[in-house]
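Residue numbers (the numbering used here), protein chains in the order written: chain A, 26 to 310; chain B, 51 to 329.
Beta carbons: idealized from backbone N, C-alpha and C, even for Gly.
As the structure is a prediction and not an experimental result, all values here were calculated from the model.
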């Protein structure tokens, strides 16, 4: 158990069915903290399904059955007392197509803070109402309008998150622009940035570069390198060269089974399983 | 031939407009607009001094419509959100079929329900002397416009890309937070169009309001007062006028007025829908 601390995600005998179709078969995997782990395999092998288990977004399609155990940050995420909201706060996700919400850049970044601080939100408006009321009575006893400090908190969070993904310089004057009018690369970076104010420990990436051009891909990969260590990154990719360039460890999956999990260099140079060897040589997939 | 079918709609619309306008036009010349629009005195059958003020009728139409919308908008949009976001597949299909059935009930049947079911119900519940009043008509209109709002509102919500929902979900938003913070802003134009088409339906509706609102010309002071609408007036009186008389022409003017109101509402709804597509 001593090295449980260095594992961010572990699964034991994980099986998953979509209706009658078994998409994951007996997956046992340990994903190490602070590293970039690549998930590779041909289409339909279950790598995206596995990724989507880690924050339980799979469940939105009603016909999903899961058995086995998934421990994220040393807690079984199927325990009854695990809060989905808390899980998803600490496990962020980046999607294949950049999907900023159709609101401003600023609001995209603070979205997470806003939805997870509802109590404070309500308090804020109530306090604002009180101040307006007080003002009408002519009794504005000191103190600026309530919510100012909160506003400053949010502003800070936006600057910090956008700086971390390298967007601050480009976007600091465009914070009120609608996020879905940005370039795709900026959109994808924004999708990463909006996770950061929630202080996630794990970031799941589902083919984050497949909608981007070469430059955009390079930018996202560089960002991944910069984030490595502070976050555990799990990336699904179709692009074997990308898996090789970016990941520290690699998991090869085929038809719902985990075939091989090894350090990336070893997996590509000396695959243990002939199926892995055939895939990385490009015989199928 | 197929082209003729296509443009026939245009021909019909203009034909109808032309016909209505031709019948009403002769009266336009001697019409006192401010008296016509704002006077509450509608005494068209007086032998000595007929008065043609549709002020009370306009107020009647507007008040019934506004009250109907106050009831229908929360229910209609709420149902649209439920059908599109909250219920399972089986419930969804059942609900959609039932809601379409609701839309298929003829308006005279609604009027019948207003007279025979709502009327005694309102008298009992609120202890009012009569049950055929503004509230009665508004409830019926609300029920009639809800199906339109649900189906168009649901389309608007369905058009919001699923990736927005997943984005919200992956950030830990609850379903309600996704509805309030993502879906409603993203679909607001479509939902506005849904509401406006419901309004158009309510303004143009005739038979149900004719039967259920009490049909008395007056400016209502409460929701329990009977009112009369523009549409009901035309339906009730046109058969009793002689062709070409002043009364007859005024009724056609009311038709033009109605035509313009519903046209404006539909146009705004259309622009709102187009606003959705542009994005």
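Worksheet item: Can you tell me whether DSSP reads residue 126(B) as helix, strand or coil?
Response: DSSP, reduced to helix, strand and coil, places residue 126(B) within a helical segment of the structure shown.
Worksheet item: Between which two residues does the alpha helix (DSSP H) carrying residue 56(B) extend?
Response: For residue 56(B), the enclosing alpha helix (DSSP H) stretches over residues 52-78.
Worksheet item: For residue 337(B), which residues of its own chain have a beta-carbon under 7 Å away from its beta-carbon, when the five flanking residues on both sides are left out?
Response: Outside the shown range of chain B, which is 51 to 329, sits residue 337(B), and nothing can be said about it.
Worksheet item: Using the C-alpha atoms, what's the distance from residue 231(A) back to residue 278(A)?
Response: One C-alpha to the other measures close to 15 Å.
Fill in: chain A within 8 Å of residue 324(B), Cβ atoms only
Chain A has no Cβ within less than 8 Å of the Cβ of residue 324(B).
Practice prompt. Using a cut-off of 7 Å between C-beta atoms, extract the partners of residue 80(A) located in chain B.
Written response: Close partners of residue 80(A) in chain B (Cβ separation under 7 Å): 220.
Worksheet entry | Burial state of residue 321(B), where buried means 16 or more other Cβ atoms lie within 10 Å | Label assigned to residue 321(B): exposed.
Practice prompt. Would you verify that the beta carbon of residue 217(B) is, or is not, closer than 8 Å to some beta carbon of chain A?
Written response: At least one chain A Cβ lies under 8 Å of residue 217(B).
Fill in: Near-chain A residues of the stretch 236-261 of chain B (beta-carbon distance less than 9 Å), N- to C-terminal order
Within the stretch 236-261 of chain B, the residues whose Cβ lies closer than 9 Å to some Cβ of chain A are 236, listed in chain order.
Worksheet item: Is residue 60(B) buried or exposed, if buried means 16 or more other CB atoms sit within 10 Å of its CB?
Response: Under this definition residue 60(B) is an exposed residue.
Worksheet item: Per DSSP, what kind of secondary structure is residue 286(A) in: helix, strand or coil?
Response: In this structure, residue 286(A) counts as strand in the three-state DSSP scheme.
Worksheet item: So residue 261(A) is in the beta strand (DSSP E); what residue range does that whole segment cover?
Response: That run of the beta strand (DSSP E) goes 257-261.
Discussion item. Check this for me: beta carbons of residue 258(A) and residue 217(A), under 8 Å apart or not?
Written reply: 8 Å or more divides the Cβ of residue 258(A) from the Cβ of residue 217(A).
Practice prompt. Determine the extent of the alpha helix (DSSP H) in which residue 78(A) is found, giving its start and end residues.
Written response: Note, residue 78(A): alpha helix (DSSP H), 72-78.
Worksheet entry | Cβ-Cβ distance between residue 223(A) and residue 141(A) below 8 Å | Yes, these two residues count as a Cβ contact at 8 Å.
Discussion item. Let me check you understand the geometry: is the CB of residue 265(B) closer than 7 Å to at least one non-hydrogen atom of the ligand NAP?
Written reply: Looking at this structure, you won't find the ligand NAP or any other ligand, since it has none at all.
Worksheet entry | Delimiting residues of the alpha helix (DSSP H) encompassing residue 214(B) | Going by DSSP, residue 214(B) is part of the alpha helix (DSSP H) stretching over 212-220.
Practice prompt. Tell whether a beta-carbon distance below 8 Å holds between residue 216(B) and residue 120(A).
Written response: Closer than 8 Å, so yes.
Fill in: Start-to-end residues for the beta strand (DSSP E) that takes in residue 50(A)
In this chain, the beta strand (DSSP E) harbouring residue 50(A) covers 46-57.
Worksheet item: At least one CB of chain A closer than 8 Å to the CB of residue 209(B): is that the case?
Response: Using a Cβ-Cβ cut-off of 8 Å, residue 209(B) does not count as an interface residue toward chain A, since no Cβ of chain A sits closer than that to its own.
Practice prompt. Sort 275(A), 280(A), 309(A) by Cα distance to residue 295(A) and report the nearest one.
Written response: Nearest C-alpha to residue 295(A) among 275(A), 280(A), 309(A): 275(A).
Discussion item. With three or more C-beta pairs closer than 8 Å as the rule, is the stretch 81-94 of chain A touching the stretch 35-52 of chain A?
Written reply: Contact between the stretch 35-52 of chain A and the stretch 81-94 of chain A is present, because at least three Cβ pairs lie under 8 Å.
Worksheet entry | Under 7 Å from the C-beta of residue 339(B): neighbouring residues of chain A | Residue 339(B) lies beyond the range of chain B shown here (51 to 329); nothing can be said about it.
Discussion item. Pop quiz: residue 284(B) and residue 250(B) are said to be a contact at Cβ under 8 Å. What is the actual Cβ separation, rounded to whole angstroms?
Written reply: About 17 Å separates the two Cβ atoms, so there is no contact after all.
Practice prompt. Could you name the residues of the same chain whose beta carbon sits closer than 6 Å to that of residue 257(B), not counting the 5 residues immediately before and after it, in chain order?
Written response: So the list reads 157, 158, 161, once near-sequence residues are dropped.
Worksheet item: Counting along the chain, where does the beta strand (DSSP E) carrying residue 33(A) start and finish?
Response: 32-43 is the span of the beta strand (DSSP E), which, as asked, contains residue 33(A).
Worksheet item: What are the boundary residues of the alpha helix (DSSP H) that includes residue 91(A)?
Response: Taken as a continuous stretch (DSSP letters only), residue 91(A) belongs to no alpha helix (DSSP H), being part of the beta strand (DSSP E) at 89-97.
Item to complete: Report the residues of the stretch 180-211 of chain B with a CB closer than 8 Å to any CB of chain E, ordered along the chain.
Response: No chain E is part of this structure, whose protein chains are labelled A and B.
Item to complete: Identify whether residue 277(A) lies in helix, strand or coil by the three-state DSSP scheme.
Response: Looking at residue 277(A) - three-state DSSP - the assignment turns out to be strand.
Practice prompt. Identify the continuous beta strand (DSSP E) that holds residue 230(A) and give its terminal residues.
Written response: First-last of the beta strand (DSSP E) with residue 230(A): 227-231.
Fill in: CB contact flag (residue 184(B), residue 122(B), <8 Å)
Not a contact, by the Cβ cut-off of 8 Å.
Fill in: Contact between the stretch 146-153 of chain B and the stretch 265-283 of chain B (3+ Cβ pairs under 8 Å)
Result no; under three Cβ-Cβ pairs closer than 8 Å.
Worksheet item: Three or more beta-carbon pairs under 8 Å between the stretch 168-181 of chain B and the stretch 233-250 of chain B, yes or no?
Response: Segments in contact, no.
Worksheet item: Listing by chain order, which chain B residues have their CB less than 8 Å from the CB of residue 124(A)?
Response: Those within 8 Å of residue 124(A) in chain B are 211, 213, 214, 216, 217.
Item to complete: Buried or exposed for residue 83(B), please, with buried defined as at least 16 other CB atoms from any protein chain shown within 10 angstroms of its CB.
Response: By the 10 Å Cβ count, residue 83(B) comes out exposed.
Practice prompt. Take the Cβ of residue 310(B) as the centre, count every other Cβ of all protein chains shown within 10 Å, and call the residue buried at 16 or more, exposed below.
Written response: Exposed, since its Cβ has fewer than 16 Cβ neighbours within 10 Å.
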